[in-house]
Structure formats: C-alpha cells, structure tokens
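Engineer: If you're matching positions, the sequence shown starts at 2 in the working numbering and goes up one per residue. The beta-carbon is built from N, C-alpha and C at its ideal position, and this holds for glycine as well. Here it is, the structure, as structure tokens.
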Amino acid sequence: MTATPTKEQTLDEIQDFQGKYPKQLWYLFLSEMWERFAFYGMRGMLTIFMVERLLLSEKDANLKYGAIQAFIYTMAFVGGLFADKILGFRKSIFWGGLLMIAGSFTLAFSPEHLYYIGISFTIVGTGFFKPNISTMVGNLYKANDPRRDAGFGLFYSGINIGALLGGYLCINVANHYSWNAAFSLAGIGMTLGLGIFIFTKKTLGPIGFSPLLNKVSDAKIKIYDIMVYAGSLLVIPFILLLVTNTKYTDYFMYTVGPVAMFYIIYELFKFNKIEQQKLVAALIFIIFSVFFWAFFEQAGGSLSLFARYNLNHKVLGLTMDPNEINNSANSLFVIAFSPLFGLLWLWMSKKKLEPNTVVKFGLGFLFLAIAFYVFYYTRFFAINGMTSLNVFTLAYLVITIGELCLSPIGLSLMTKLAPQRLHGMMMGMWFLASAYGQYAAGILGAGMATADEKASLTVKLISYTDGYKQLAIYALIAGVVLIVISPLLRKLMHDVH
Ligand code: GLN
2 MTATPTKEQT LDEIQDFQGK YPKQLWYLFL SEMWERFAFY GMRGMLTIFM VERLLLSEKD
62 ANLKYGAIQA FIYTMAFVGG LFADKILGFR KSIFWGGLLM IAGSFTLAFS PEHLYYIGIS
122 FTIVGTGFFK PNISTMVGNL YKANDPRRDA GFGLFYSGIN IGALLGGYLC INVANHYSWN
182 AAFSLAGIGM TLGLGIFIFT KKTLGPIGFS PLLNKVSDAK IKIYDIMVYA GSLLVIPFIL
242 LLVTNTKYTD YFMYTVGPVA MFYIIYELFK FNKIEQQKLV AALIFIIFSV FFWAFFEQAG
302 GSLSLFARYN LNHKVLGLTM DPNEINNSAN SLFVIAFSPL FGLLWLWMSK KKLEPNTVVK
362 FGLGFLFLAI AFYVFYYTRF FAINGMTSLN VFTLAYLVIT IGELCLSPIG LSLMTKLAPQ
422 RLHGMMMGMW FLASAYGQYA AGILGAGMAT ADEKASLTVK LISYTDGYKQ LAIYALIAGV
482 VLIVISPLLR KLMHDVH
C-alpha cells in the first residue's frame, strides 16, 4: 500500500474551516478524552485507596488528596509556561503523556509500595499535557471567531466522556478485581490518548511547534528541550517529598501562587493598556474560579467518603455503589446538558436575552450554592445515618449546571483575553486556580471530617452536611459579588464577551 502524501495545512486554512467545528477538534477531543479517562479513573481511586489500603485516617486522606490534586494543577502552570517559552504545545503533550503512562503503570505494578512514586510521575505528566491540549483547541480559531465557545463546549464533552468511563470503570475494576488491574486500566487509557495525539498531530499544520523554531538553531532547541525534560525528571523526587509530607505542601502553596502572580504582573508591563486590562479581567475570573473549585472538588475528597459510608445503594430503583455515582454522575450530566446549554445560549442570544460571560460565572456560583444546600438537605432523608442516593444524585445535577456556566467558558475566555504569546501561561494560570481550589478543598474536607473514625454514621453525616451548608452560604456570597461587579469587569474585557 502506498501512503498518500498529505499536504500540511496552513494556519489560515485550518482556521477558515467550514461548518461548526474544525476537524482537528475531534482529534484533540479524542486524545483529551482518554487522558481524562486515566486522570479521573485515578482520581476516583485515590482517597479510598489511601483509607483502605494505606490505612490513612479520613482527615489525612482528605488532606493528601487535596495536596495531590493541587500539585497536579500547579504543574499545569509550569507545563503551560514551558510550552510557551521552550517546548511548544506538541512536545509538551508528548512528554506529559509519556510521564503519565509511566506513572499509571508504576501504580499498577505495586500500588501499595510505589503509590507515591507513581502519583508523582502522574502529577508532573498531567502538568505538561492538560493545559497545552486545551490551548491548542483555542489555536484552531481566529481571534474573533464566534464558533470558539461551541468548540470548547464540545471539547468539554470529550473531557467528560473520558471522566465518566474512567471514573466508573476504574473503581468498578478495583472493587471486583484488583487495584493493580484498575491502575493498569488508567495506564491503557493514557496510552490510547497519547497514541491518538501522535497519529493525528500532522493535521495541526503549524500549530504547537516550539516558539524558538527559526529563532535559534535546531541544536540549541535540542539542548533546551533536553534541559526541560531532565529538569522535569528532577522535579519528581521533590514532588514525592512534598506529597508525602503535607506540611511542605502548605509552604509550597504559599509560595507558588504569589510567585506566579508577580510573574504575570511583570509580563503585564510588556503590553498596551487594553491588553493589560484584558489580562486583569482574566486574573479576576481566575481568582473567582479558585473558590468555585474549592467547593466543587469536594467530589474526590469528602464527598467520596460521604458516599462510601453515608449513602444507601439505590438510585432510581437500581442498585449502585454510591461512589460509582459520585465519580460519574457529574460527567454524565455534563455530556447530557452541555449540548442543551449550547442551544439554550443560542436561543437566548436570538431573543437578546443571553447573559454575558460575567453573569454566567455568577450563575455558576448560584447553582453551586443550591447544590450544596441539597447535599446538606440529604440529612433530612437519613435513617440511622444512611441517606438517599437519589437526593445526592440530584445535587450533582445542580452542581453540573453551575459547572457548565463557568468551566468551558473559562477555558475559552483564557484564549480570548490573553495575547497569543501568553496563551499557554494563562491557561496554566486557569489551572493553577484549580490547584488552589483543590488545596482548599482538601482543607475544607478535612475540616468537615471532625467525627471520630469510630463515630456513628449519624454523627459523621451531621458533621459532613454541616460543612456542606457552610459551603452553600459562601458560594451564594461569591455569586452575588460577581454579579454586582459585573459592569466593571465587562469594561476591563473590552471587545471580549
Ligand atoms: N472537569 C474539568 C476537567 O477535568 C475541569 C477541571 C478543573 O479545572 N478543575 O478538565
């Protein structure tokens, strides 16, 4: 068979695509889908594995879960930065994918003994993979292409198809077969994700090459690349140390955020006033998203323990492990509602009723508040400390509506508000906000785990649901503040809606 030579498309040819979506979006969709399969598969197992196999207390498991997730998303900032400055998106994704595969199979080999080593590889790998694939989606569009949000909406469905399958299957395999098999499954998912990227990247034309290309010699680029690869390997033992000692996590988190902020402020001076104001608007969105994720990310921590011990096993008459619901309901609802949301915004914009981006963010928080009120409300359905999986699932429906008002729009916003040269870094900042959210989520979750390990189910239920009520109030306040400051924020955004 002779291979037909394919002509590489130019950037204009890619961005002038016909129809609703560029074809490259589907390839990025598929790679990210499998990456999220591995990621959410693992996320769904972490806390339970730490409590049941590593015999950590619930409080420590919550803290460690928060720390692991925080490092993952912090590395996304670093990964975005190095992609912008040295590697370009393609090599970053390739390198990140390799490290994630190494991490999952290390866990699969001996989860009890190599747990933290496997996790450390995964942390660094995700940092190189995750922000850069999202930024590449933005690069498929011209600056003012109105189809960009829809593209990110579709990409977000891909994320969640992966999350759904991974979140459900991995915990299921862990329950019925073994933890080794479950972690292997995550590794297989990641291998597929990277494979799809490698085989389809030729369709991306000039997108994602090193920013140094044609600026410095190839030999020099090679040296820089090797330095980044080697540096990221050297970071792994350091991450290992931090993850195994949550005290260090605190120091790390106190330093990284401010340093990143200062760095952005330093970059800010290089741009004109309008670009600066847009970047400031992006930073305000980023700061609010920290709060959003801090509440939302109870999912992998306190909500997974709540699901393990305080929920009955019936949803709509079917018998289910509540953690299968906890790990997959959110994604299922995103997949179901994301297209409907697209249509709703379109319909509203035709009637000139579509809320602007800032109000959408505000709505995200209001739905979050309602969702946590419903988590709290589960206590009124409890019998002997065991409460309704149906009501719990309903709360996930509401939380998902909030997420859809904020998360895909946030990704798209980062690529709209930041100048091209800072795309990777700002996407990294968006994920760094998730890092702080995760970190805070762990602390909030640990704060709720006040009941003694041997306390009755009712006492545990009360302590978790008290916490959820608090979160509902904070989310409500954040939503109201955002809506109140929306006129100011819109001014800073200029022509971006
Ligand atoms: N669920 C989304 C994803 O996995 C967003 C996660 C986040 O930013 N915290 O991509």
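Could you tell me which whole alpha helix (DSSP H) segments of length 4 or greater appear in the region 263-316?
Structural biologist: The region 263-316 contains these whole alpha helix (DSSP H) runs: 274-297 and 303-311.
Engineer: Skipping 5 residues on each side, what residues in its chain have a beta carbon closer than 8 angstroms to that of PHE156?
Structural biologist: Result list for PHE156: LEU26, LEU29, PHE30, GLU33, SER135, VAL138, PRO409 and LEU412, in chain order.
Engineer: On the DSSP bridge assignment, give the partners of ILE384 in chain order.
Structural biologist: For ILE384, which the question treats as bridged, DSSP gives the partners MET387.
Engineer: Just to confirm before moving on: does the CB-CB distance between LEU64 and GLY443 stay below 8 angstroms?
Structural biologist: Their beta carbons are under 8 angstroms apart, which means LEU64 touches GLY443 by this criterion.
Engineer: Beta-carbon within less than 7 angstroms of PRO420's beta-carbon, same chain only, minus the 5 sequence neighbours each way: which residues are those?
Structural biologist: Around PRO420: PHE272 and GLU276.
Engineer: Quick one: using the 10 Å Cβ neighbour count with 16 as the cut-off for buried, is THR5 buried or exposed?
Structural biologist: Because the pLDDT of THR5 is 45, which lies under 50, any placement of that residue in the model is unreliable, and the question is left without a value.
Engineer: Looking only at C-alpha atoms, which of LEU280, ASN173, ASN215 and THR192 sits nearest to HIS424?
Structural biologist: The shortest C-alpha separation from HIS424 is found at LEU280.
Engineer: If distances are taken between C-alpha atoms only, which option among LYS60, TYR116, LYS131 and PHE334 comes closest to PHE95?
Structural biologist: The shortest C-alpha separation from PHE95 is found at LYS131.
Engineer: Helix, strand or coil for LEU55? Go by DSSP, reduced to three states.
Structural biologist: If DSSP states are grouped into helix, strand and coil, LEU55 belongs with coil.
Engineer: Let's test the definition: count the other Cβ atoms within 10 Å of the Cβ of THR3 and tell me whether it reaches 16, buried, or not, exposed.
Structural biologist: Residue confidence for THR3 is low, a pLDDT of 39 falling below 50, so the modelled location carries little weight; the figure read from the coordinates is stated next. It counts as exposed.
Engineer: Of the choices ASN324, ALA383, TRP348 and VAL217, whose alpha-carbon is the least far from that of GLY42?
Structural biologist: Of the candidates ASN324, ALA383, TRP348 and VAL217, the one whose C-alpha sits nearest the C-alpha of GLY42 is ASN324.
Engineer: Assign LEU354 to one of three DSSP states: helix, strand, or coil.
Structural biologist: If DSSP states are grouped into helix, strand and coil, LEU354 belongs with coil.
Engineer: Assuming ALA77 contacts THR250 (C-beta within less than 8 angstroms), just tell me the rounded distance between them.
Structural biologist: About 16 angstroms; that fails the 8 angstroms criterion.
Engineer: For ALA175, which residues of its own chain have a beta-carbon under 7 angstroms away from its beta-carbon, when the five flanking residues on both sides are left out?
Structural biologist: If we look at ALA175 and ignore the five residues flanking it on each side, its Cβ neighbours are MET46 and ALA183.
Engineer: My parser needs the alpha helix (DSSP H) runs of 4 or more residues fully inside the region 402-490; what are they?
Structural biologist: Here the runs fully enclosed are 424-449.
Engineer: For GLN299 and TYR437, I'd like the C-alpha separation in whole angstroms.
Structural biologist: Rounded to whole angstroms, GLN299 to TYR437 spans 13 angstroms at the Cα level.
Engineer: In angstroms, rounded to a whole number, what distance separates the CA positions of LEU195 and LYS248?
Structural biologist: When rounded, the distance between both Cα atoms is 34 angstroms.
Engineer: Can you list, in chain order, the stretches of the beta strand (DSSP E) that have 3 or more residues and sit fully within the region 208-252?
Structural biologist: For the region 208-252, not a single whole beta strand (DSSP E) run of length 3 or above is found.
Engineer: Rounded to whole angstroms, what's the CA-CA distance from ALA476 to HIS114? Just pull it up for me.
Structural biologist: Looking at the two C-alpha atoms, the distance is approximately 39 angstroms.
Engineer: Of all the options ASN313, LEU100 and GLU404, which has the alpha carbon lying nearest to the alpha carbon of VAL291?
Structural biologist: Checking every option, the nearest Cα to that of VAL291 belongs to GLU404.
Engineer: Is the CB-CB distance between TYR74 and MET254 below 8 angstroms?
Structural biologist: No, these two residues do not count as a Cβ contact at 8 angstroms.
Engineer: With VAL375 and LEU395 assumed to form a contact (beta carbons below 8 angstroms), what rounded beta-carbon distance in angstroms separates them?
Structural biologist: Rounded, the Cβ-Cβ distance is 6 angstroms, consistent with contact.
Engineer: Cα-Cα, which of LEU100, TYR310, GLY365 and SER158 is closest to VAL460?
Structural biologist: Comparing Cα positions, the closest option is TYR310.
Engineer: Hey, ILE87 and VAL260: beta-carbon distance below 8 angstroms or not?
Structural biologist: Going by C-beta atoms, ILE87 is not nearer than 8 angstroms to VAL260.
Engineer: Confirm the yes/no value for this check: CB of ASP408, any heavy atom of the ligand GLN, distance under 7 angstroms.
Structural biologist: With the sequence shown as reference, residue 408 is identified as Ser, and Asp is not the correct amino acid for it. Result yes, Cβ under 7 angstroms from the ligand GLN.
Engineer: By DSSP's criteria, THR320 is part of a beta bridge. Which residues make up the other side?
Structural biologist: Note: THR320 sits in a beta bridge opposite LYS315.
Engineer: Return the first residue and the last residue of the alpha helix (DSSP H) that LYS86 is part of.
Structural biologist: Note, LYS86: premise wrong, no alpha helix (DSSP H); not H, not E.
Engineer: Write down the C-beta distance between GLY1 and GLY126 rounded to the nearest angstrom, noting that I regard them as a contact closer than 8 angstroms.
Structural biologist: No information on residue 1 is available, as it lies outside the stretch 2 to 498 that the chain covers here.
Engineer: In this structure, how does DSSP classify LYS202 when only helix, strand and coil are distinguished?
Structural biologist: LYS202 falls in the helix class under three-state DSSP.
Engineer: Going by alpha carbons, who is nearest to TYR397 out of TYR378, HIS177 and LYS60?
Structural biologist: Answer by Cα proximity: TYR378.
Engineer: Quick one: using the 10 Å Cβ neighbour count with 16 as the cut-off for buried, is MET349 buried or exposed?
Structural biologist: The residue in question, MET349, is exposed, as its Cβ has fewer than 16 Cβ neighbours within 10 Å.
Engineer: How should ARG422 be labelled, buried or exposed, when 16 other C-beta atoms within 10 angstroms of its C-beta is the threshold for buried?
Structural biologist: ARG422 comes out exposed.
Engineer: Would you check whether the ligand MN has a heavy atom nearer than 7 angstroms to the C-beta of ALA164?
Structural biologist: Of the ligands one can find in the structure shown, namely the ligand GLN, none is the ligand MN.
Engineer: At a cut-off of 7 angstroms, would you count SER413 as near the ligand GLN, judging by its Cβ distance to the nearest heavy atom?
Structural biologist: Not under cutoff, so the answer is no.
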